[in-house]
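Inspection log for the structure reproduced underneath, given as C-alpha cells.
Protein chains in written order, with the working numbering: chain A, 8 to 120; chain B, 344 to 459.
Written out as C-alpha cells, the structure reads:
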C-alpha cells in the first residue's frame with residue numbers, strides 16, 4: 008500500500024504571496040490532518056478533515072485554511088505569507104474512526120523570503 | 344489544554360548503552376499514547392503505540408515503552424542502542440475530541456545521538 012504523499016516537497020515564496028500544498032492519504036483513509044513543524048515551536052496541529060469537512064482546528068490564524076476532496080485528498084492554503092510561516096508542513100492520514108494511528112507523509116518544506 | 348513534556352532535549356550515548364526517554368502528559372481522561380521517530384532526512388515513523396491493555400508495549404527495532412497511568416507517564420526504553428538509532432524522538436498523545444476525530448499533541452522532541 009502506498010504511503011502518504013505530499014507535493015511539492017520544497018517551496019520558496021516571498022512575503023505576501025499565497026501557497027497551496029497538497030496531500031494524498033493512504034488508500035482507504037478518510038481523515039487527513041495537517042501539522043506545522045518548526046525548530047522553535049515543534050510540531051503543532053493545524054486542522055483535521057474527515058469526509059470533506061473540517062472536524063478539528065488548531066490555534067492558527069485564518070490565513071491558514073484547507074479543504075478535502077471526495078477522494079480524501081487534501082489541500083492546505085496559506086495566504087499573505089509571513090517570514091514566520093517558514094516550516095515543514097506535515098500531512099498525516101488515518102482511517103478516521105476513533106483514536107486511530109496516524110501515518111505521516113514526508114512533508115513540504117516551505118521557505119518564505 | 345493537554346500538553347506533553349519530554350524532559351531530555353538532547354541525549355548522547357555510546358553504542359550498547361541503555362536508553363530511557365521520559366514523557367509526561369497532562370490530560371486526565373482516556374488517551375492514546377505514541378512514540379514517533381524522525382531519522383535524519385526521513386519522515387515521522389511510528390515506533391510504538393498504547394491504546395489499552397498491557398501497559399508495557401513493544402515496538403519496532405527493540406524499543407518498548409511503559410504506560411504508568413498514576414504518573415501520567417509513557418517512557419521509552421531500549422536496552423542497547425545502536426548508531427542507527429540516531430534520530431529525533433517524539434512522544435505524542437491523542438484523545439477523542441468533542442466533534443469526533445482526534446489530534447496529536449506532540450512533545451518538543453528528544454534529539455538522540457549515538458556515538459560509535
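Here a beta-carbon is modelled for each residue, glycine too, at the ideal position from N, C-alpha and C.
Under the three-pair Cβ rule at 8 Å, the stretch 441-459 of chain B counts as touching the stretch 48-61 of chain A. For residue 352 of chain B, the number of other beta carbons within 10 angstroms of its own is below 16, and it is reported as exposed. Residue contact check for residue 97 of chain A against chain B: a CB pair falls below 8 Å. Here residue 349 of chain B really is in contact with residue 365 of chain B; their C-beta atoms are around 7 Å apart, less than 8 Å. Cβ contact annotation for residue 413 of chain B (same chain, cutoff 6 Å, sequence separation greater than five): none. Three or more beta-carbon pairs drawn from the stretch 79-96 of chain A and the stretch 21-36 of chain A are found closer than 8 Å, and the two stretches are therefore classed as touching. For the stretch 419-435 of chain B, residues whose beta-carbon sits nearer than 7 Å to a beta-carbon of chain A comprise 433. Burial of residue 55 of chain A is indicated by the presence of at least 16 other C-beta atoms within 10 angstroms of its C-beta. For the stretch 383-413 of chain B, the beta-carbon criterion of a distance under 9 Å to any beta-carbon of chain A is satisfied by 385, 386, 387, 388, 389, 392 and 394.
For residue 444 of chain B, the neighbours in chain A by C-beta distance under 8 Å run, in chain order, 38, 55, 57, 62, 63 and 103. Nearest neighbour of residue 78 of chain A by Cα position, chosen from A/12, A/40 and A/31, turns out to be A/31.
For residue 82 of chain A, not one C-beta of chain B is nearer than 8 Å to its own C-beta.
Shortest Cα-Cα distance from residue 68 of chain A to any of A/57, A/115, A/10 and A/87 involves A/87. Beyond the five residues adjoining it in sequence on each side, residue 429 of chain B comes within less than 8 Å, by CB distance, of 382, 383, 455, 456 and 457 in the same chain, given in chain order. Residue 418 of chain B counts as buried, since no fewer than 16 other beta carbons sit within 10 angstroms of its beta carbon. Checking the DSSP bridge columns, you'll see residue 449 of chain B partnered with B/435.
Its chain contains 348, 415 and 416 as the residues whose beta carbon lies nearer than 6 Å to that of residue 367 of chain B, once the 5 sequence neighbours on both sides are disregarded; these appear in chain order. Proximity to residue 42 of chain A across A/34, A/36, A/35 and A/53 peaks at A/53, based on C-alpha coordinates. If you check the CB distance, residue 40 of chain A and residue 99 of chain A come in under 8 Å. With contacts defined as CB atoms closer than 8 Å, residue 15 of chain A and residue 118 of chain A fail to qualify as a contacting pair. Annotated as distal: residue 410 of chain B and residue 421 of chain B, with beta-carbon spacing of 8 Å or more.
Around the beta carbon of residue 58 of chain A, fewer than 16 other beta carbons sit within 10 angstroms, so the residue counts as exposed. Neighbours of residue 112 of chain A in chain B, taken as residues whose beta carbon is under 7 Å from its own, are 386 in chain order.
For residue 431 of chain B, the closest of B/401, B/395 and B/390 by C-alpha to C-alpha distance is B/390.
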